[in-house]
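This report concerns only the one structure given below.
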Amino acid sequence: MYDIQDYQEALTLSEAAETLARNPRMRIIAGGTDLLIKLHGGQIEAAELLSIRKIEALSHIEKMPDGAIGIGPLATFTQITQDPVIKTDIPILAEAAVSMGGPQIRNIATIGGNVCNGATSADSASSLLALEAELTLISSRGTRVLPISEFYLGPGKVDLRAGELLTEIRILPQHYVGFGGHYIKFAMRKAMDIATLGVAVLCKLETGNILAEVKIGLGVAGPTPLRCLEAEAYAAGKVISMDVLNEVGRLAIRSAKARTSWRASKEYREHLIQELVPRALREAIVQAGGGEIA
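In my numbering, the protein residues as written are 9 to 302.
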């Protein structure tokens with residue numbers, strides 16, 4: 009049984025903002041792949057729902073004249089895997105999107121729901137962190153623009169205030185132009201499964217064999233998606249070698265807040281971080297125009 013007390017649909021962004029202003033307790037529903045599971049499991053009682061799935065303006069994916077890429081929160085994971093702008097300019101996000109569930113789920117699940125759900129296992133989260141995405145949030149009080157790194161507050165908790173609605177995920181050109189990237193999702197089964205660890209790595213090269221910049225986003229390595237800032241700082245300016253890549257993997261563990269859960273032990277997650285971060289960086293180097301590392 010779904011304990012739904014009220015259900016309304018908004019056809020425009022202004023209508024959604026007005027409805028939320030009247031009743032800030034309303035929960036947004038679009039694809040519903042996360043919310044309906046919580047309702048079915050009794051985690052949400054007497055739900056008041058506002059559907060935004062018919063607001064066409066929120067499903068856009070476009071490249072702006074200044075090079076920024078805007079992604080509407082209603083863009084489905086299927087859209088993201090197939091969109092030419094995503095595939096050409098930020099393919100790391102397409103790699104993350106295609107790892108999300110099966111075709112039926114990707115046809116319905118939205119990137120906005122994946123972000124706002126606040127799950128550390130969200131398949132888009134680590135790539136969006138590495139891309140330093142910005143989130144545009146609106147309400148009757150005005151507009152906020154927030155770095156995605158500040159959006160995650162704790163397990164399942166995000167900085168989405170009462171009456172607010174996510175309207176765009178924006179990636180600025182300085183955070184993707186010239187970078188190569190790679191995403192790895194590690195799960196216990198080859199079939200559809202929640203990630204045991206998600207690793208997103210972007211890098212930019214200098215004179216072919218020097219790491220000018222490295223950005224590392226991890227999912228399920230702590231209570232929220234996170235960046236590995238110490239490992240990133242170490243990598244900058246280093247001549248590429250397997251020793252350097254392995255040290256990046258070791259340092260990435262320091263940023264992680266791995267814990268034991270029913271899916272994996274803390275020690276196993278830390279082992280995965282040490283193994284998969286260098287592996288993702290190795291492929292990112294190739295995508296950035298570097299050579300294979302022996």
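Glycine residues also receive a C-beta, built at the ideal position from the N, C-alpha and C atoms.
- Rounded to the nearest angstrom, the gap between the Cα atoms of L136 and S107 is 15 Å.
- Taken through DSSP and simplified to helix, strand or coil, F187 comes out as coil.
- In the DSSP assignment, G162 forms a beta bridge with K165.
- Contact annotation, L43 with V123: C-beta distance approximately 14 Å; criterion of less than 8 Å not satisfied.
- Inter-residue distance for L234 and S132 is about 12 Å (C-alpha atoms, whole angstroms).
- V252 and I100 have their C-alpha atoms spaced approximately 22 Å apart.
- With at least 16 other beta carbons inside 10 angstroms of its own, V166 counts as buried.
- Secondary-structure assignment with DSSP links Y276 through no beta bridge to anything.
- G110 and G40 have their C-alpha atoms some 15 Å from each other.
- When C-alpha distances from T86 are compared across P73, K71, I98, A102, the shortest belongs to A102.
- A distance below 8 Å between beta-carbons, with the five flanking residues on each side excluded, links I116 to the following residues of its chain, in chain order: G39, G40, T41, T84.
- For P233, no beta strand (DSSP E) segment is defined, and its DSSP state is neither H nor E.
- Each of G206, A138, L57 was checked against the Cα of E240, and the nearest Cα belongs to A138.
- Per DSSP, R178 is one residue of the beta strand (DSSP E) stretching across 173-179.
- Beyond the five residues adjoining it in sequence on each side, A29 comes within less than 8 Å, by CB distance, of S147, S148, G171 in the same chain, given in chain order.
- For the region 244-292, the full-length alpha helix (DSSP H) segments reaching 4 residues or more read 250-263 along the chain.
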